[in-house]
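**Q**
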Amino acid sequence: MIDSCSLEKSPMLTVDAAVNHIQAAIRPINDSELVALENALGRVLAESVYSHINLPHERNSAMDGYAFSSHDVLNGQPFTLALVGTSWAGKPFQGQLQCGQCVRIFTGAVLPEQTDSVIMQEHIQRKADHIHFPANTKIQQNVRAVGEDVPQGSLLCVQGKKLTAVDLALLASAGINTVNVLRAINIAIFSTGDELAAVGHPLKTGQIYDSNRYLLTGLLNDPCYNVTDLGVIADNKPALTDAFTTAAKNHDVIISTGGASVGDADYVKEVLTECGQINFWKLAIKPGKPLTFGTIGACYFFGLPGNPVSAQVTFQKIVAPALQQLTGAAMTQSLQLTAICTSLLKKSAGRQEFQRGILTQNEHGKFFVSSAGQQGSNILSALSLANCYIILPSECQGVEVGDKVLVEPFSVAI
Ligand code: AMP
Ligand code: MG
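Sequential numbering of the sequence shown, starting at 1223, is according to the working numbering.
Given below as structure tokens:
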């Protein structure tokens, strides 16, 4: 399935080609578990859910007003009906309405059987126990029909749906209190690099703080992911072999950062080649050139570049869709739009770039984007200021102020 090729010899791969290759290799999870509705937010439905009841369940009023029968209405003339009771939400009118009678009704209250219309309270005049209806009173208005939202037996949420707050509300409205969801996937993350120090310890010469595990932990904050943080693994063959093989036994996915470039990647590459089926790719994108993908036993492995901005871009463009596929969720794609660039952007032809930008919208709805600052793959501060990628195609050789560019806001999927 997966062939190993050296980083140096392999041609540069586009993001789309890498995504397609990975997509073909991933087998989505199909083990499911029953969870209480209150624990189902963000989980993926293992089977479609249908409604056992009509929604609404009973005919009810869409307004505060008066319920009456259209049989009491005469040719658009004003008319008067006797008020004989009230239908409250949760406390329906119990009596039998006769011809010439109406009831006070509140939003959500069940309509008495003999009525088919509701007039808004603002449109009538009440004199003691009589309600005066105006000329041209409309009939069959302000009534919520049985099953108008969801007819009994019809689909509420489709298999593969990642449940949102609204989905939970919809399922609850149909009285559903447990759902069958696909199991969460187990993901191990670690950083590699002799230079990495943990926050909370003073830096020694040559050290930097390990920021990537915080990035990955945040990016993986999702009810479909159980994340194990395996810390920092030194650039050391036995330690790496042990970490990879142990983690592969009880995780669905391993994601590492660092050790991916040609110079210091030797151990990672050597170890992975020995313990799995791995590709070492040079991606035609900036930032984020080197990427490792493959399997160690039944576990998928993603090796991301060490530079934090490269790690974020390769995670979002390559790993995130793969994880989404693995969870069994229906695939979505990031929203992209066109904006007018208000900064000069430098670029040379050859690689697709994901520059970090700040997207704004003016009072007429027009989109503008400016550079978020320095574009080096180590520049976390600009990434932190950014709210979007400015996607520049491979052949682009720079952008002038006023040019139209393609923009992808962070975290808006459709
Ligand atoms: P590498 O991919 O190991 O060659 O690392 C590329 C760059 O990313 C180097 O400057 C590393 O020091 C840096 N780097 C690697 N891992 C991390 C990490 N976990 N946190 C922050 N920077 C890192
Ligand atoms: Mg390194």
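Using N, Cα and C, we set each Cβ at its ideal position, and we do this for glycine too.
(1) Taking DSSP as the reference, what is the three-state secondary structure of F1632?
(2) In the structure shown, what three-state DSSP assignment does P1512 receive?
(3) Classify P1424: buried if its beta carbon has 16 or more other beta carbons within 10 angstroms, exposed otherwise.
(4) So the beta strand (DSSP E) F1576 belongs to, where does it begin and stop?
(5) Do you know offhand how far C1324's Cα is from H1274's?
(6) So, with DSSP's three-state summary, where would you put E1280?
(7) Since S1309 and I1361 should fall inside the 8 Å C-beta cutoff, what is the C-beta to C-beta distance between them, to a whole number of angstroms?
(8) Am I right that G1498 and T1517 are in contact with their C-beta atoms under 8 Å? What's the rounded C-beta distance?
(9) Just verifying my parser: in three-state terms, what is the DSSP assignment at E1269?
(10) Taking the Cβ atom as the reference point for each residue, do F1328 and A1311 lie within a distance shorter than 9 Å?
(11) Roughly how many angstroms separate the alpha carbons of G1525 and V1372, rounded to a whole number?
(12) Compare the C-alpha of G1422 against each of D1416, I1430, G1415 and name the closest.
(13) Please report the distance separating the alpha-carbon of K1508 from that of I1613.
(14) Under 8 Å: does the beta carbon of T1414 sit that close to some heavy atom of the ligand MG?
(15) Run the proximity test for N1458: is its beta-carbon closer than 8 Å to any non-hydrogen atom belonging to the ligand AMP?
(16) Flag this pair as touching only if the stretch 1544-1560 and the stretch 1499-1506 have three or more C-beta atom pairs under 8 Å; answer yes or no.
(17) Say yes only if the C-beta of S1603 is nearer than 8 Å to one or more non-hydrogen atoms of the ligand AMP, and no if none qualify.
(18) Quick check on DSSP: helix, strand or coil for I1341?
(19) Can you tell me whether DSSP reads H1274 as helix, strand or coil?
(20) Could you name the residues of the same chain whose beta carbon sits closer than 7 Å to that of P1637, not counting the 5 residues immediately before and after it, in chain order?
(21) Please classify G1287 as buried or exposed, where buried requires at least 16 neighbouring CB atoms within 10 angstroms.
(22) By the 10 Å Cβ neighbour count, where 16 or more other Cβ atoms means buried, how is S1413 classified, buried or exposed?
(23) With DSSP as the reference, label L1614 as helix, strand or coil.
(24) Please classify V1380 as buried or exposed, where buried requires at least 16 neighbouring CB atoms within 10 angstroms.
**A** Short version:
(1) coil
(2) strand
(3) exposed
(4) 1574-1583
(5) When the Cα atoms are used, C1324 and H1274 turn out to be separated by approximately 33 Å.
(6) coil
(7) 18 Å between Cβ atoms; not a contact.
(8) 6 Å
(9) If DSSP states are grouped into helix, strand and coil, E1269 belongs with coil.
(10) yes
(11) 46 Å
(12) I1430
(13) 10 Å
(14) yes
(15) no
(16) no
(17) no
(18) I1341 carries a strand assignment under DSSP once its states are collapsed to helix, strand and coil.
(19) coil
(20) Residue 1637 is absent from the model: the chain starts at 1223 and stops at 1636.
(21) buried
(22) buried
(23) strand
(24) By the Cβ neighbour-count rule, V1380 is exposed, with fewer than 16 other Cβ atoms within 10 Å of its own.
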